[in-house]
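Peer 1: Here it is: the structure, laid out below.
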Amino acid sequence: MFRALADPTRRAIVERLARGPASVSDLAEPFGVALPTIVQHLKALEAGQIVSSAKLGRVRTYQLAAGAFGPAIAWLSRQRPHAERQVDRLTALLERTAKNTEGEQQ
C-alpha cells in the first residue's frame, strides 16, 4: 500500500476517487498523459488494494476499495507511541542544550 501511495500521481488519483468513482479517461484528464500511463498507475493502486474497478461495456470505472486504509491506519496507530517517545526525547535534549547555552552565555 505504501509503495503504491509513494507516487504523487497515484496520491492525486486517490484524492480524486475520494470524491467518487471515475472512468480511466476522467482520471487521466488533469494529468495530460496517455491513458496507458494512468492505467499503469491504477494497476499499482489495485495491487496495493487501494482501488477496485468494474467494467461496463467499454468503460472501466475505478473507486476506492472499501476499508482500503484500515490496515495502514492500524499500523500507523501502533507506531505512534514509539514516535511520540522519540519526539519527547528530542524535546528534552533541545531543552537541555538550550539551558547549557544560556548558562555559558551568562
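Count the sequence shown with our numbering and you get residues 153 to 258, in order.
Ideal Cβ positions, reconstructed from N, Cα and C, are used throughout, including at glycine.
(1) Would you mind giving the Cβ-Cβ distance between serine 204 and alanine 217, rounded to the nearest angstrom? I have them listed as a contact below 8 Å.
(2) If we call anything under 7 Å between Cβ atoms a contact, is leucine 179 one with isoleucine 190?
(3) Check each candidate in Ala156, Gly184, Ile202 and Met153 and name the one with the smallest Cα separation from alanine 170.
(4) Once you ignore the five residues that flank valine 166 on each side, which residues in its own chain have a CB closer than 8 Å to its CB?
(5) Could you have a look at arginine 212 and say whether DSSP puts it in helix, strand or coil?
(6) Just mark arginine 162 as buried or exposed, buried being the case when its beta carbon has 16 or more other beta carbons within 10 Å.
(7) Tell me the residue span of the alpha helix (DSSP H) that contains glutamate 181.
(8) If you reduce the DSSP assignment to three classes, tell me which class alanine 217 lands in.
Peer 2: In brief:
(1) One-based indexing of the sequence shown puts residue 204 at position 52. One-based indexing of the sequence shown puts residue 217 at position 65. Indeed, because the Cβ distance is near 5 Å, the residues count as touching under 8 Å.
(2) Here residue 179 is taken as the residue at index 27 of the sequence shown, counted from 1. Here residue 190 is taken as the residue at index 38 of the sequence shown, counted from 1. Closer than 7 Å, so yes.
(3) Here residue 170 is taken as the residue at index 18 of the sequence shown, counted from 1. Per the Cα distances, Ile202.
(4) Residue numbering aside, residue 166 sits at position 14 when the sequence shown is read from its first letter. Closer than 8 Å at the Cβ level, and outside the excluded window around valine 166, lie Leu157, Leu197, Ile202, Val203 and Leu216.
(5) Counted from its first residue, the sequence shown places residue 212 at position 60. Strand, per DSSP.
(6) Position 10 of the sequence shown, counted from the first residue, corresponds to residue 162. By the neighbour-count rule (16 or more Cβ atoms within 10 Å), arginine 162 is buried.
(7) Counting from one through the sequence shown, the residue named residue 181 turns up at place 29. No alpha helix (DSSP H) holds glutamate 181; DSSP gives it neither H nor E.
(8) As a first step, residue 217 is located in the sequence shown; it is residue number 65 there, counting from the start. Alanine 217: coil per DSSP, three-state reduction.
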